[in-house]
Amino acid sequence: MVEKLLGVIGGSGLYSMSELNIIEKVSVDTPFGAPSEDVVIGELNGARMAFLPRHGVGHFIPPSEINYRANIFAMKKLGVG
567 MVEKLLGVIG GSGLYSMSEL NIIEKVSVDT PFGAPSEDVV IGELNGARMA FLPRHGVGHF
627 IPPSEINYRA NIFAMKKLGV G
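The numbering used here applies: residue 567 is where the sequence shown begins, and numbers increase by one.
Printed below as a string of structure tokens:
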């Protein structure tokens, strides 16, 4: 059985997950352009997780300019389900 990868897309007020034990940061290429930020892969309470801040680190992307398709594609490409 394949281990599940949980996905969290952070928004206003959730720019990082301090409890997440970071394993790696992944830059993902998508047919829709770049996601908002590199995806952080880590572990929290025994669960593997992918975290992506949709406004970017530092909240520099306004809601109207978020590349939602790239963000979702990146998470799916990494195995979030």
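Note that beta-carbon positions come from the ideal geometry of N, C-alpha and C, so glycine has one too. Small disclaimer: the values here were computed from a predicted structure and weren't measured.
So, is residue i buried or exposed, given that buried needs 16 or more other C-beta atoms within 10 angstroms?
i, result
"Met567", "With a pLDDT of 45 at Met567, under the threshold of 50, the predicted position of this residue should be treated as unreliable, and no value is reported."
"Pro628", "exposed"
"Asn637", "buried"
"Pro601", "buried"
Starting from residue i, trace the beta strand (DSSP E) both ways and give me its first and last residue.
i, result
"Phe617", "613-619"
"Gly573", "572-576"
Between residue i and residue j, how many whole angstroms is the CB-CB distance? I'm expecting something under 8 Å.
i, j, result
"Arg620", "Gly576", "6 Å"
"Glu603", "Gly622", "5 Å"
"Val605", "Ala613", "Wrong, their Cβ atoms sit about 16 Å apart, outside the cutoff."
"Phe607", "Val592", "The residue asked about is misnamed: residue 607 is Ile in this sequence, not Phe. Right, the Cβ-Cβ distance comes to about 6 Å (below 8 Å), so this counts as a contact."
Give the range of the alpha helix (DSSP H) segment to which residue i is assigned.
i, result
"Ile638", "634-643"
Tell me, which residues are paired with residue i by DSSP?
i, result
"Val623", "BP columns for Val623 are empty, so no partner."
Residue ranges of each beta strand (DSSP E) within the stretch 583-609, 3 or longer: 587-592
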